[in-house]
Ligand code: SAH
Ligand code: SF4
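Here it is in structure tokens:
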């Protein structure tokens, strides 16, 4: 993609108009934006200030039209418009659940589609964003896992999902009317829990989250961003160092034998390796605790013994255990655990001293709940055989 094409020294000698057509400024890091501005002839000495100005227009005020960037000279605005765009994914459909949850299907370059979910709660509004179209992994309880990986999203497409939601929530401040910092935010939290494995698209996820955290723009605290991973162990330390956001881990089982079938990546990085990486995470990222996600599957991982084993495994790790009642999807090979079972499981964990909230399924009427996301228009499917083989079920 042009947006991520490195700007080389050669380009610096070509004044004003970039050869490969307009570059999208959304998703560029500050350093990349600076290089891009210099490449169209912005004097090096001014480039940093121009980045600051344009950055604020795009990420603080939500402006997409260079003509509206009124603190820049008119002819400079025209040059920007000739060379750049400020583009975000296009909303294809928007559904609103009876509980207020909003689900957007957005289209990205190449005609691919991903889902984005906004979940309003009394004290916060959480946006669940996607990092890939489909997923290379094949967790046997996950709808996204039945869809082949089509491609990684670019940084612009990842932060662009946040911008799409802010547009829909009408949450950009009005230029000239205050700073837009007053009052509680409708979109106050981000979770990377949509489609895809964020740690298999590390750089783009990192750059996008850095943009979302930048104090001159969307300005969300790193404590309000949670990245969920199935357990890509080598990238966990990097997440702490280079992003520093909160971490959630799709744990889901208390023995390697069961986790191998649910989260096949466990065969590559088993529980012992995963737990070792998790023990280091809070220290390095300076975040208080890790969220352990645990999907409740009837007669698979929901016994009292599992709960006790879970508590033992995570001993010493500052943790919260988020119990997720399984969200069913057409053809899913599992059932949701009974309510009384989930409650008993939660009690054991709670009595061992850990918070053990049971996640309330949201937006079920619009198939917006965790693990149900899969773009209906993507036809590329993994075969049942492929999934079974990966999960060791075949
Ligand atoms: N790939 C990342 C993030 C996306 S999945 C990961 O696996 O962590 C977000 C969360 O939803 C994960 O904890 C995942 O295991 C869970 N999930 C997937 N399918 C689900 C389903 N059908 N019901 C409940 N939770 C599900
Ligand atoms: Fe991919 Fe996460 Fe679904 Fe597993 S649970 S298939 S890693 S999206």
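Numbering (the working numbering), first residue to last: 6 to 399. Quick reminder that beta carbons are idealized off the backbone N, C-alpha and C, glycines included.
DSSP, reduced to helix, strand and coil, places residue 271 within a helical segment of the structure shown.
Secondary structure note for residue 99: its beta strand (DSSP E) is the uninterrupted segment 95 to 101.
At the C-beta level, residue 191 and residue 130 come within 8 angstroms of one another. Taking the CA atoms as reference points, residue 154 sits about 15 angstroms from residue 145. In the same chain as residue 353, and ignoring 5 residues on each side of it, the C-beta atoms closer than 8 angstroms to its own belong to 309, 312, 313 and 316, in chain order. Scanning the region 177 to 256 from its first residue to its last, the whole beta strand (DSSP E) runs of 3-plus residues come out as 194 to 197, 230 to 234 and 251 to 255.
If the five residues before and after residue 133 are omitted, its C-beta is found closer than 6 angstroms to the C-beta atoms of 122, 196, 198 and 199, all from its own chain and listed in chain order.
Excluding residues up to 5 positions away in sequence, 93, 94, 96, 109, 111 and 121 lie with their Cβ nearer than 7 angstroms to the Cβ of residue 169 in the same chain. Taking C-beta atoms under 8 angstroms as the contact rule, residue 299 and residue 328 qualify, at a distance of about 5 angstroms. Taking the CA atoms as reference points, residue 215 sits about 31 angstroms from residue 102. For residue 275 and residue 297, the gap between their C-alpha atoms comes out near 15 angstroms. Counted as a single uninterrupted DSSP element, the stretch harbouring residue 91 is not any beta strand (DSSP E), since DSSP gives it neither H nor E. Beta-carbon to beta-carbon, residue 268 and residue 235 are separated by about 5 angstroms, close enough to satisfy the 8 angstroms threshold.
By the beta-carbon neighbour count (other beta carbons within 10 angstroms, threshold 16), residue 83 is exposed.
Under the DSSP assignment, residue 74 falls outside any alpha helix (DSSP H); it carries neither an H nor an E label. Distances taken from the Cβ of residue 120 to the heavy atoms of the ligand SAH include none shorter than 7 angstroms. Residue 130 has 125 as its beta-bridge partners, per DSSP. Put simply, the backbone Cα of residue 252 is about 8 angstroms away from that of residue 294. For residue 362, no pairing in a beta bridge is given by DSSP. Remark: the C-beta of residue 157 is outside contact range of the ligand SAH, defined as less than 7 angstroms to any heavy atom. Note: residue 137 is bridge-paired with 157 in the DSSP secondary-structure output.
Residue burial is scored here from C-beta neighbours: residue 273 has fewer than 16 other C-beta atoms within 10 angstroms and is therefore classed as exposed.
Bounds of the alpha helix (DSSP H) holding residue 350 are 344 to 356.
The beta carbon of residue 64 is closer than 6 angstroms to those of 222 and 223 in its chain, skipping five residues each way along the sequence. Relative to the ligand SAH, even the nearest heavy atom lies 7 angstroms or more away from the CB of residue 240.
With 16 or more other Cβ atoms from the protein chains shown falling within 10 Å of its own Cβ, residue 203 counts as buried.
In terms of CA proximity to residue 360, 326 leads the group 307, 326, 157 and 283. Short of 6 angstroms from the beta carbon of residue 47, and not among the five residues preceding or following it, lie these beta carbons of its own chain, in chain order: 55.
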